[in-house]
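Comments concern the structure below.
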Amino acid sequence: MSVREVTARGIIVARRSAGEGSVRISIYTDSLGLVSALAKSAREERSKLRPHLQVGTTGVFVLVKGRDVWRVIGATKTENSHFALSGNTKAQEVTARVITIVRQFIRGEGSDPYLFSALFGFFRIIPSVDEEYVLEAECIVVLRVLAALGYVREDPIMKLFLDISYDMPTLKAVRESRGTLVRLINEAISESGL
């Protein structure tokens, strides 16, 4: 039996029960792309992994590839966006929509450093974004995800926002071009057929 251990930064985008006490998660990682992994006994009260394997959690995960399946055996430096955003309902809704976009558009293993940086940066910065600019942050990350996957057509305005930064000047610039960016995003989603 071949065993391969990988330590990777990741974002948990889906979670479901798998057998008695176990959990199957979908995690988008920097080195592997989207991976489905099993966490044995992670639903049990005594599990040390349990709090680290919630949807919207970012952190460093240790995965082991067995013969047929990836398994999660460790998690460190984790932060859950839902809990980090408690009291900011608008930002919680935005992160939920971004996770839905990831589940809808990203398929299978395969590393994409730009795509991962755009997503990971969004989840790390969103707790500190002013509430009035949360929708602009969502617009940027969705545009970057769709552009990385090849769904957004070339547009001079779009190119200005493909940098990884989520700083305040970028968010203010998005606010000024939001109508055009939302149109590009909606066209990409519509034309994708997904």
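Just so we're aligned, residue 1 is where the sequence shown starts under our numbering, counting upward by one. From the three backbone atoms N, C-alpha and C, an ideal C-beta is built for every residue, glycine too. None of the values given here were measured: they were computed from a predicted structure.
Is residue i helix, strand or coil by DSSP?
i      : result
SER111 : coil
LEU135 : helix
VAL152 : coil
ARG183 : helix
LEU53  : coil
SER165 : coil
GLU44  : coil
GLU191 : helix
GLU93  : helix
MET1   : Residue placement at MET1 cannot be trusted, given a pLDDT of 47 that sits under 50; the coordinates are not used to answer.
SER17  : strand
ILE101 : helix
ILE140 : helix
LEU85  : coil
ARG67  : coil
For my contact list, residue i and residue j are in at a C-beta cut-off of 8 Å; report their separation, rounded to the angstrom.
i      : j      : result
PHE105 : TYR28  : Not confirmed; about 11 Å, so no contact.
GLU5   : VAL64  : 5 Å
ALA39  : LEU32  : With a Cβ gap of about 16 Å, ALA39 and LEU32 do not count as contacting.
LEU85  : THR100 : With 8 Å as the limit, LEU85 and THR100 do not qualify as a contact, their Cβ atoms being about 16 Å apart.
SER26  : SER36  : 5 Å
GLY56  : LYS77  : With 8 Å as the limit, GLY56 and LYS77 do not qualify as a contact, their Cβ atoms being about 15 Å apart.
GLU138 : ARG97  : 7 Å
ILE126 : ALA91  : 6 Å
Sort the options by Cα distance to residue i and report the nearest one.
i      : options                        : result
LEU181 : GLU191, TYR166, PHE161, GLY193 : PHE161
HIS82  : ARG24, ILE12, ASP163           : ILE12
ASP167 : GLN92, ARG183, VAL152, ILE140  : ILE140
SER41  : ALA18, LEU32, THR57            : ALA18
GLU136 : SER177, ARG46, SER47, PHE120   : SER177
GLU20  : SER192, ARG43, PHE123, SER26   : ARG43
ALA148 : VAL102, PHE123, ARG67          : VAL102
ASP8   : ILE73, ARG97, MET158           : According to the sequence shown, residue 8 is Ala rather than Asp. Out of ILE73, ARG97, MET158, ILE73 has the C-alpha closest to the C-alpha of ALA8.
PHE61  : ARG183, ARG67, HIS52           : HIS52
ASN186 : VAL69, VAL152, ARG175, THR170  : VAL152
ASN88  : ARG15, VAL35, ILE189, ASP130   : ASP130
PRO156 : LEU184, LEU34, ALA188, SER192  : LEU184
SER192 : TRP70, VAL145, ALA173          : VAL145
By the DSSP assignment, the beta strand (DSSP E) with residue i in it spans what residues?
i      : result
SER36  : 33-39
ASN80  : 70-80
ILE126 : Premise fails: ILE126 is in no beta strand (DSSP E) and is neither H nor E.
ARG24  : 23-29
Can you name the start and end residues of the alpha helix (DSSP H) that residue i belongs to?
i      : result
ILE157 : 156-159
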